[in-house]
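Peer 1:
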Amino acid sequence: MKHFLVACICCVFIISCTKSNLNDSLVLSENFGGKVIPDVPQCGTGYHWDYNIRKCEENCPTGYHNDPITGSCTPDGGVGPLRICSEDYAQFGLMGSTYSAAVDSFGQWHNEYVINLLGKMEQQNVNLLTDTLEDFLRNTLIAFFATKGITTENSPLPNFDLSDTVWNISSYSTTAQNILSSLKFLIDNYTESNHLWFIPQCEVLETGALNLQNDNEAISVGFNSKHND
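The end of the sequence shown is residue 253 by this note's numbering, with every number in the run present.
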């Protein structure tokens, strides 16, 4: 009987320890999905190590974020080039970036597209006077941006239809339309001799575009000002 009681006590002890270990594992696993801001002493007081950009970042108070361009704490949301891209831009690797940085990225994609387009024109010996040019440009555009994961349905540029060569801006605000009209005037009057004047004027228009109240207008008008810069 004595041995039986000892055996029962041992069983209870083992089961209790096992259950405790399981509970500990569950508690630990629940924290795996949490966001951890590591304390790296080398970063100094008030800073933390960001594993995405691989450098020390300032610890920002609630309602602020660390802007990748200025490197300082900037208010969340708001209007202007430093407003932040929402999760809608995650599929393009731009969530959390400023609108200014996003427009820069779109401008880079545009430059890549132009280089790609010129290469295809050379390969296919395209005649710019033929009536098939529009189809060629449309198909090349669609194929190129597909490599970026961009389609008409998920385009980061509002109302950007890859299959349509006409851009309707009738719904845009007066301010946005004025910026685009000014941009068209600059392009129509561009010459090699006024190049040094042309670039600063485009930059002024880009700044004005990124300060538009409407987010869609800020991105699309800002992009057009940028890629003509």
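Beta carbons: idealized from backbone N, C-alpha and C, even for Gly.
Are the beta-carbon atoms belonging to E241 and S197 less than 8 Å from one another?
Peer 2: Cβ atoms of E241 and S197: closer than 8 Å.
Peer 1: Inspect the beta-carbon positions of M186 and F169 and report whether they are closer than 8 Å.
Peer 2: It should be pointed out that residue 186 corresponds to Leu in this sequence rather than to Met. Cβ atoms of L186 and F169: closer than 8 Å.
Peer 1: For S249 and L181, which I take to be in contact (beta-carbon distance under 8 Å), what is that distance rounded to the nearest angstrom?
Peer 2: Contact doesn't hold; Cβ gap of about 13 Å is too wide.
Peer 1: Who are the near neighbours of K172 in its chain, counting only those whose CB is closer than 7 Å to its CB and skipping five residues on each side?
Peer 2: Once the five neighbours on either side are set aside, the close Cβ partners of K172 are W133.
Peer 1: I'd like to know whether the C-beta atoms of F209 and V127 end up nearer to each other than 8 Å.
Peer 2: Not closer than 8 Å, so no.
Peer 1: For I223, count the other beta carbons within 10 Å of its own beta carbon; 16 or more makes it buried, fewer makes it exposed. Which is it?
Peer 2: The residue is exposed, with fewer than 16 neighbouring Cβ atoms inside 10 Å.
Peer 1: I need the DSSP call for I108, collapsed to helix, strand or coil.
Peer 2: The answer is strand: DSSP assigns I108 an E or B state.
Peer 1: So what does DSSP say about T231, is it helix, strand or coil?
Peer 2: Helix at T231.
Peer 1: Does DSSP put E177 in a helix, in a strand, or in coil?
Peer 2: Looking at E177 - three-state DSSP - the assignment turns out to be coil, as it is neither helix nor strand.
Peer 1: With H, G and I counted as helix, E and B as strand and the rest as coil, what does DSSP make of N248?
Peer 2: In the structure shown, N248 sits in a helix (DSSP, three-state: H, G or I).
Peer 1: Taking its Cβ as the centre, do 16 or more other Cβ atoms sit within 10 Å of L236, making it buried, or is it exposed?
Peer 2: Its Cβ being crowded by 16 or more others within 10 Å, L236 is buried.
Peer 1: Start and end of the beta strand (DSSP E) containing P74?
Peer 2: For clarity, residue 74 is Asp in the given sequence; the question names Pro instead. Here the beta strand (DSSP E) through D74 covers Y71 to D74.
Peer 1: List the endpoints of the continuous beta strand (DSSP E) containing E82.
Peer 2: K79 to E82 is the span of the beta strand (DSSP E), which, as asked, contains E82.
Peer 1: Considering only C-alpha positions, which residue in the set W221, I174, D188 and I211 is nearest to Y113?
Peer 2: The residue with the shortest Cα to Cα distance from Y113 is I174.
Peer 1: For C226, which beta-bridge partners are listed by DSSP?
Peer 2: Per DSSP, none; premise fails for C226.
Peer 1: Does DSSP put T199 in a helix, in a strand, or in coil?
Peer 2: Correct three-state label for T199: helix.
Peer 1: Taking the continuous alpha helix (DSSP H) assigned at Y137, which residues delimit it?
Peer 2: Y137 -> alpha helix (DSSP H) spans Y123 to Q148.
Peer 1: Report all residues from its chain with a CB closer than 6 Å to the CB of F130; omit the five preceding and five following residues, and keep chain order.
Peer 2: Correct list, in chain order: F247.
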